[in-house]
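Written out below as structure tokens is the structure these notes cover.
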Amino acid sequence: MLCLGQAPKRYWDSQAEAGSKGAGEGQVTERANQRPEKTRRKKIERRGKKLISGKVDPFPGPAPVPKERRQKFERGQKNEVRSLSKGRLKDRLSKTEEKIDLALNQAARSDLLLAEEAGFLVGDEGEDTCTIAQDDIAEAVDITSGAKYFNLSLSQFGPYRIDYTRNGRHLLLGGRLGHVASLDWQSKQLQSEMNVMESVNDVRRVLEGETWLHSENMFAVAQRKWLYIYDNQGVELHCVKKFNDVLRMEFLPYHFLLATASSTGFLQYLDVSVGREVSAICTKNGRLDVMTQNQSNAVVHLGHPTGESETDGTLWSPNQKEPLVKMLCHRGGVRAIAVDKTGTYMVTSGLDRKMKVFDIRSFKPLASYLLPAGATSMTMSQRGLLATCCGDTVQVYKDVCSTPVSRPYMAHHAPGRVWGVQFCPYEDVLGIGHGDGFTSMLVPGAGEANFDALDSNPFRSVKQRQEWEVKALLDKIQPELITLQPSKLGELDTATYQQRHKERVERLGFDPREKEKFEPKLKMKGRSSTGSVQRRKKKIKNEDQRELIKQSLEMKDRADKERKKEEKMTSLGQRSALERFQK
Amino acid sequence: MAKTRKICKTKSGAAVNLLSESVESNRKAVEKTMEEEEELFHTEYAISASEDEAQSDDERKHCKLLEAISSLDGKKRRKLAERSEASTQVSEFTVSAEGAGEKIDLKDLLGTIGPAASSMSSIKKQLNKLQYKNKTLELPLSRQETEKIQRVVAYEKTSKKVTRWDHVVRQNRKAEQLVFPLNQEPGGIKPVEQVVASWKVRTPLELEIFNLLHKNKQPVTDPILTPVEEASLRAMSLEEAKMRRAELQKARALQSYYEARAKRERRIKSKKYHRVLKKAKRKEVLKEFEELRKTNPDAALEELKKMDLSRVEERMSLKHQNSGKWAKSKAIMAKYDDEARKAMQQQLEVNKELTQKLVVPSESEGEEPEEEEEEVLPGFVNEAQPGTDYANPWMQGKLSSDPAELPGEAGGEAEAPALGGAGEESEGEEEEEEDEALLREFEERRRLRKEQEEDILPAEVDKEDAGEEKCEEVEEEDVSEFNSLFQRLVGNKPKTQVAKRAARPPAPQGEGESQEQGKEDSEEREEPPLLDETLTRVQTMEDLEHLEREETLEAEVPEPESTVTGPGTETEEEKPASKAVKRKRKKVIDPEEVLTRQAKVIKVPSAPTAIEDEEGDEEQKMIIKEAFASDDVIADFLKDKQKQTEMSKPKDVDLTLPGWGEWGGVGLKPSKRKRRRFCIKAAPGPPRRDRNLPNVIISEKRDASIAAHQVNDLPFPFSNPTQFERNIRAPIGHNWNTQRTVQKLTAPKVITKMGTIIDPIDEEDLAIDKKPPVKLRIADILLTQEKKGKKNTERKDRRPQNKRRPQKHIDKNQQQKSKKAA
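Residue numbers (this note's numbering), protein chains in the order written: chain A, 280 to 862; chain B, 33 to 854.
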């Protein structure tokens with residue numbers, strides 16, 4: 280019988296050498312012709328794995344990732360592993376570094392899948408882009424894009440505030456005189472329309488879905504007195520009477536928090552997933568009618584006139600009763616604030632007709648512009664375009680934050696006085712709510728070209744939305760985690776134990792380490808008389824303290840004894856006569 | 033006495049030993065004095081005994097006297113004034129209690145014997161010797177102590193044994209993922225090599241198959257090329273391969289054609305035809321011989337000799353003497369059958385011919401050449417191709433692709449003279465003509481038959497059709513067809529090749545037939561393996577590489593040119609760029625500047641109509657000033673900031689107690705000196721973030737809600753906070769990573785397979801795990817391959833071998849290791 284226990288000898292075993300020889304010869308011949316080529320090839324050979332056929336993979340290893348693309352996903356500084364001595368720490372750190380590097384590379388590679396590119400409007404030579412009329416643009420672009428420029432003339436119910444959903448699909452219009460309408464603005468399909476028969480101050484869409492499962496979409500409407508929540512059919516779901524006189528609202532999508540600013544100077548947070556008021560902060564800043572959120576860290580920015588307080592811009596989190604940051608931006612108060620998507624820049628406009636740009640990582644002012652008329656409302660697009668409006672003009676600025684700008688990128692005259700502007704996410708569209716209705720304006724390069732379908736998908740179906748709802752609720756971030764620097768969560772807390780304990784007691788409302796107070800048992804037959812109760816209490820009183828003292832005394836005693844014994848033992852022999860006098 | 037003490041002495045500490053030594057040294061001195069004393073006692077004792085017996089005063093007195101006398105010299109003075117207590121010396125039971133606490137020494141016993149007994153002296157000596165030998169056994173240790181020692185030893189042993197596992201344990205602790213049960217066979221598709229390795233050949237059929245496979249070096253497992261293919265791949269470039277394939281196609285076609293022809297000819301039953309053919313051939317040979325004689329007499333002589341030899345052989349044998357089986361049967365038939373008779377006669381004739389001693393070598397040609405000639409294929413089939421590459425084995429001795437050569441070659445065919453030999457000078461023999469006529473007739477007939485067949489199978493005609501003359505033409509046509517095909521195939525670089533071929537001297541054609549034949553033979557020998565070959569790979573990687581390189585070269589070439597041609601423009605372009613950069617650098621906003629500088633005025637082409645912007649700046653300012661005249665906002669803000677900073681500063685602790693060491697009372701303050709002395713100054717806190725920002729107040733209050741989620745203590749292996757913070761800097765969620773990465777980042781540390789028994793680690797694993805365990809799952813391998821690449825594959829290769837390592841090896845290893853440890 281033939282046993283094949285041994286690994287069969289392969290024919291390439293002997294040929295590998297021959298192959299390498301052959302390769303060497305090839306190089307020799309090549310050397311005469313082209314030098315650089317040879318070196319290049321050698322390099323490849325060194326890197327690449329040899330194939331059995333003797334050929335060399337010309338592109339060995341994984342495809343390289345461009346440095347700039349990698350840089351996009353870089354997170355912080357690397358751990359210095361090399362300097363460490365060999366051991367468990369080094370092993371662990373190096374493994375983690377490897378993993379992080381892998382993740383980085385993979386992310387950079389998958390960046391390739393974001394195929395859409397963004398561009399801007401470019402005028403002819405000598406032509407200013409801001410002079411190009413919307414009609415011309417709409418004519419020049421394709422039909423679908425052209426259809427995104429439209430006017431809704433709703434002159435009856437006064438100036439409108441607007442809000443787009445996070446995926447940019449639906450639009451909510453709130454007329455000052457109580458007209459509320461929600462519609463799919465791209466298909467121009469009206470979902471619901473009603474009049475709250477009350478004066479409406481602000482409307483804001485509460486993204487679709489929350490804890491109440493029977494409803495599909497919901498939106499909150501700040502009415503004259505209370506805050507109301509309706510579903511997409513316009514049915515009133517809640518009237519939240521804890522939130523009164525609300526002027527402005529911001530929804531923090533990842534925290535499921537509805538932040539409201541009221542005319543009484545209160546900043547309130549409502550957790551819409553559980554329907555609980557998270558916190559109510561008295562800002563002591565008077566009427567709050569300027570509000571925006573920083574999308575990167577969910578901090579709320581408020582603007583107010585100076586007068587009641589000495590500041591005009593404040594930053595808030597629901598966890599602190601005092602502002603995280605107080606700023607003095609303008610003379611005479613802030614009229615509008617806008618924060619860019621990355622949370623890097625903040626733009627404010629004040630009564631002094633100035634527009635200022637701040638870097639809100641360091642709170643340093645970057646630029647200051649004087650507008651012909653101060654902006655009454657501002658908003659920033661996903662790609663950093665800034666829309667300002669004053670009166671009936673809407674101006675769009677490009678690169679306000681990074682470079683000084685002298686003229687707007689685009690401008691448009693609304694039919695009426697502008698009341699609210701917002702860029703539509705994932706679309707090159709700026710929605711303008713004005714006294715005469717609503718205008719959808721084309722702003723090339725405004726929207727993010729690539730959307731994350733798992734996060735906010737403009738084309739999602741009902742089923743997908745439901746799935747997303749569940750996931751979003753599971754991923755909900757707790758309001759305690761809102762802070763100015765989210766990266767702080769990844770840092771080590773250096774506070775002392777005492778301080779932490781104090782905080783813990785404050786947070787819990789009781790001291791978990793504290794002992795329960797002794798309460799004597801009730802005994803019958805006169806044994807629970809006051810005297811006996813006191814006696815029993817006395818017995819227990821300070822028991823642990825006594826125990827401690829006893830223990831320490833015992834310890835001391837024992838130590839003493841031992842010391843004495845030792846002394847005796849050692850000194851007995853060599854004790855001199857005089858030593859007896861030693862104390 | 034010392035001895036007894038020694039027995040008691042334990043083997044305990046060194047201190048005790050020292051003590052005993054000192055005792056030993058003192059011992060001798062002490063002994064001496066003791067002995068003296070004893071002697072004295074003896075005498076005394078003897079006296080007292082006699083006293084008891086005799087009770088006579090005389091003796092006592094005498095004794096006293098003696099003592100007194102003896103004490104006179106002063107040397108042996110004895111103090112008898114002190115009286116010892118009786119109880120110690122004489123007990124109540126009249127037994128001497130002297131030395132009660134001590135054991136009886138040998139000396140005590142020996143002393144009684146006395147010096148007189150000479151016979152005893154030898155015993156005494158012996159006993160003394162015994163005494164000095166000092167051989168006492170040490171006491172056995174107590175059970176507890178022995179057990180303790182045993183435990184210590186056992187512990188050491190076991191710990192040594194256990195250290196062998198250290199490596200494994202460390203590895204497993206280090207491993208990012210452990211899959212239990214350990215040493216699982218990796219799931220999925222195993223390489224066939226592994227499967228085959230453990231498989232044994234059983235049946236003879238399998239054996240045979242394996243033998244064949246191994247003999248051919250056929251790769252059993254890999255879908256890779258065989259060595260032959262490998263070699264061919266290495267030898268051929270793409271074009272060569274193409275040419276080679278074309279050649280092979282051609283050769284195959286020709287071969288099949290000639291095979292068919294030979295078969296057909298063999299099938300012809302007509303004896304006459306064969307006879308004629310044979311005759312013609314013989315004649316041909318003869319003619320050639322004649323020629324040979326003219327051109328090369330030596331060769332002719334050789335030929336002659338050969339013929340002579342055949343004659344001799346014929347004479348020796350009875351081959352043509354009608355003595356064979358066939359001849360005998362013919363002889364019976366010959367009576368009645370004319371043909372049989374003729375055949376017999378013919379044979380006899382042959383015999384005669386062969387045995388005849390010839391002066392002129394003519395007819396006697398052996399059968400072997402004839403046979404050979406029958407097999408011989410036309411020369412042009414195997415005609416060597418004037419290949420370009422001499423180093424290439426495939427290009428040597430190959431077919432020619434030149435159609436121009438063909439006619440000449442066809443003329444030089446072996447059969448041609450028999451058919452188209454009319455042009456040559458002939459002897460004009462009638463027989464020959466007859467033969468020819470006969471052959472032609474046959475051909476005609478066959479062609480007719482063929483033509484009928486053609487109607488049925490028109491496609492095959494070209495190859496099957498083989499009339500002698502017609503056949504010739506067809507052949508030529510076929511060949512030219514092949515050649516044209518070949519040319520077309522080769523057509524990629526026809527001109528260069530052709531040119532090269534032309535440059536080469538054409539192969540000599542007019543050489544002797546023997547040479548040609550030899551050549552043909554050799555080629556026939558070469559043919560089969562060549563035809564068996566199958567070509568799989570058309571283009572090699574090298575070619576691709578070459579092409580690519582060429583492309584890159586082409587692409588690269590113009591670039592330098594452009595740089596060369598337009599250096600001026602380049603620099604001109606560069607300058608503005610650099611200027612732009614400079615400008616940009618200048619443009620980077622300095623916050624201080626911005627704060628102080630006037631705001632940039634933006635001109636808006638479409639100014640708002642609702643607000644008239646005709647008002648000047650100053651006017652606006654005035655309005656604002658008027659509006660906010662009452663409050664000085666900036667001053668208030670700064671005040672607020674001051675307050676905040678004060679609040680956030682760590683406060684000093686004042687520990688002064690009023691009234692101590694000085695007067696106390698209402699309205700009295702402790703002195704300044706005292707206050708200074710008992711005030712603990714707090715360390716300045718960290719600098720405020722807003723210290724350089726005049727218009728910003730950043731709250732420095734600690735955010736307790738965040739702190740609840742932060743890590744309080746530095747986790748184990750990290751040595752400083754930054755290390756830890758950097759270690760957790762990258763998110764692992766699916767929102768920030770690709771699916772694959774998330775899976776890898778969140779892979780569980782331990783995976784257990786459901787429903788399997790997880791055995792403890794085996795001794796065998798110890799040997800295997802000495803190398804770092806390769807416990808990567810398939811996905812991991814794919815991911816990590818980027819880095820490891822080569823290593824991984826090597827390990828994978830090695831692993832099965834390790835598994836099969838016999839137990840003995842392991843034992844050896846262990847022994848070695850334990851030795852080292854020892």
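Note that CB positions come from ideal geometry on N, CA and C, so glycine has one too.
As the structure is a prediction and not an experimental result, all values here were calculated from the model.
Which residue or residues does DSSP assign as beta-bridge partners of residue i?
{"i": "A666(A)", "result": "T658(A) and V675(A)"}
{"i": "K240(A)", "result": "Outside the shown range of chain A (280 to 862) lies residue 240(A), about which nothing can therefore be said."}
{"i": "V743(B)", "result": "L771(A)"}
{"i": "W595(A)", "result": "V579(A)"}
{"i": "Y776(A)", "result": "In the DSSP output, where bridge partners are listed per residue, Y776(A) has none listed."}
{"i": "K555(A)", "result": "It should be noted that the sequence gives Arg, not Lys, for residue 555(A). Answer is D550(A), bridged to R555(A)."}
{"i": "M848(A)", "result": "Answer is none; M848(A) lacks a bridge partner."}
{"i": "T718(A)", "result": "N430(A) and I711(A)"}
{"i": "A690(A)", "result": "Q674(A)"}
{"i": "H449(A)", "result": "D463(A)"}
{"i": "W768(B)", "result": "Answer by DSSP bridge pairing: none, since W768(B) is not bridged."}
{"i": "H458(A)", "result": "N474(A)"}
Quick one, are the C-beta atoms of residue i and residue j less than 8 Å apart?
{"i": "I560(A)", "j": "W505(A)", "result": "no"}
{"i": "T539(A)", "j": "F522(A)", "result": "yes"}
{"i": "I764(B)", "j": "V774(B)", "result": "yes"}
{"i": "V722(A)", "j": "L709(A)", "result": "yes"}
{"i": "A693(A)", "j": "T718(A)", "result": "yes"}
{"i": "T590(A)", "j": "L607(A)", "result": "yes"}
{"i": "A382(A)", "j": "N769(B)", "result": "yes"}
{"i": "I666(B)", "j": "V604(A)", "result": "no"}
{"i": "L649(A)", "j": "K633(A)", "result": "yes"}
{"i": "Q229(A)", "j": "E529(A)", "result": "Here chain A has residues from 280 to 862 only, and residue 229(A) is not among them."}
{"i": "S735(A)", "j": "P704(A)", "result": "yes"}
For a contact defined as C-beta to C-beta under 7 Å, what are the partners of residue i on chain B?
{"i": "P704(A)", "result": "Simply none; closest approach about 17 Å."}
{"i": "R367(A)", "result": "P749"}
{"i": "G437(A)", "result": "Neighbours of G437(A) on chain B: none; closest Cβ ~15 Å, over 7 Å."}
{"i": "M606(A)", "result": "N727 and V728"}
Name the chain A residues whose beta carbon is nearer than 7 Å to that of residue i?
{"i": "A715(B)", "result": "Per Cβ cutoff of 7 Å: no residues; A715(B) is ~14 Å from chain A at best."}
Under 9 Å Cβ-Cβ, which residues of chain B neighbour residue i?
{"i": "P532(A)", "result": "Simply none; closest approach about 13 Å."}
{"i": "L372(A)", "result": "P749, F750, Q755, R758 and N759"}
Taking 7 Å as the cut-off, does the CB of residue i come closer than this to any heavy atom belonging to the ligand MG?
{"i": "S461(A)", "result": "In the structure shown, the ligand MG is absent, as is every other ligand, since no ligand is present at all."}
For a contact defined as C-beta to C-beta under 8 Å, what are the partners of residue i on chain B?
{"i": "K379(A)", "result": "The sequence shown places Ile at residue 379(A), rather than the Lys named in the question. The contacting residues are R761 and A762."}
Using a Cβ-Cβ cut-off of 8 Å, state whether residue i counts as contacting chain E.
{"i": "T585(A)", "result": "You won't find chain E in this structure, because its protein chains are A and B."}
Quiz item: If you measure beta-carbon to beta-carbon, which residues of the stretch 727-744 of chain B are closer than 8 Å to chain A?
Solution: Within the stretch 727-744 of chain B, the residues whose Cβ lies closer than 8 Å to some Cβ of chain A are N727, V728, I729, I730, S731, K733, R734, D735, A736, S737, I738, A739, A740, H741, Q742, V743 and N744, listed in chain order.
(request) Could you please tell me which residues of the stretch 772-795 of chain A, in chain order, have their CB closer than 7 Å to any CB of chain B? (result) Cβ proximity to chain B below 7 Å picks out D772, A774, R779, E782, E785 and R786 from the stretch 772-795 of chain A.
Residues in the stretch 630-658 of chain A having any Cβ partner in chain B nearer than 7 Å
Within the stretch 630-658 of chain A, the qualifying residues are L630, D631, R632, K633, F642, K643, P644, L645, A646, S647, Y648, L649, L650, P651 and A652.
Exercise for review: Please name the residues in the stretch 738-769 of chain A whose beta-carbon is closer than 7 Å to at least one beta-carbon of chain B, in chain order.
Suggested key: Contact residues of the stretch 738-769 of chain A toward chain B are E759, L760, T762, K767, L768 and G769 (C-beta to C-beta distance below 7 Å).
Item to complete: Could you name the residues of the stretch 659-683 of chain A whose beta carbon sits closer than 7 Å to any beta carbon of chain B, in the order they occur along the chain?
Response: Among the residues of the stretch 659-683 of chain A, those with a Cβ less than 7 Å away from any Cβ of chain B are C669, G670, D671, T672, Q674, T682 and P683, in the order of the chain.
| message | Along the stretch 764-779 of chain B, where does the CB come closer than 9 Å to a CB of chain A? Name the residues. | response | Considering only beta carbons, the part of the stretch 764-779 of chain B lying closer than 9 Å to chain A consists of I764, G765, H766, N767, W768, N769, T770, R772, T773, V774, K776 and L777, in chain order.
Whole runs of the alpha helix (DSSP H) within the stretch 149-174 of chain B, excluding any shorter than 4 residues: Fully enclosed alpha helix (DSSP H) runs of no fewer than 4 residues occupy 150-165 of the stretch 149-174 of chain B, in order along the chain.
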